[in-house]
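Structure, rendered in C-alpha cells:
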C-alpha cells in the first residue's frame, strides 16, 4: 500500500508542475490547458481520497462489518 501512496504523490506532483507550466502559457492557450489539468487533477484527488478512506476503514459498510 505504501508504494501506491508514493505513486499517487508522484502523480499529484507531476500534475502540480504541469499546472504551473500551463498557468504561464494560459494567455496563449486561452485557458484550455488549465481547465483540462484541473479536471484531471480533481479526478485523481478524488480517487486518492476514496482509496485512502477505504484503506483506513472509514468507508461505507465498515460499521456493518464491525457489528458482526
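Numbering (our numbering), first residue to last: 79 to 146. Where is the CB? At the ideal position from N, CA and C, for every residue including glycine.
Residue 120 to residue 128, Cα distance in whole Å?
So the alpha carbons of these two residues sit roughly 12 Å apart.
Excluding the 5 residues preceding and the 5 following residue 89 in the sequence, name in chain order all residues of the same chain whose CB lies nearer than 7 Å to its CB.
122
Residue 83 versus residue 113 - alpha carbon distance
25 Å
Which residues in the same chain have their Cβ closer than 6 Å to the Cβ of residue 86, if we skip the five residues on either side of it in sequence?
126
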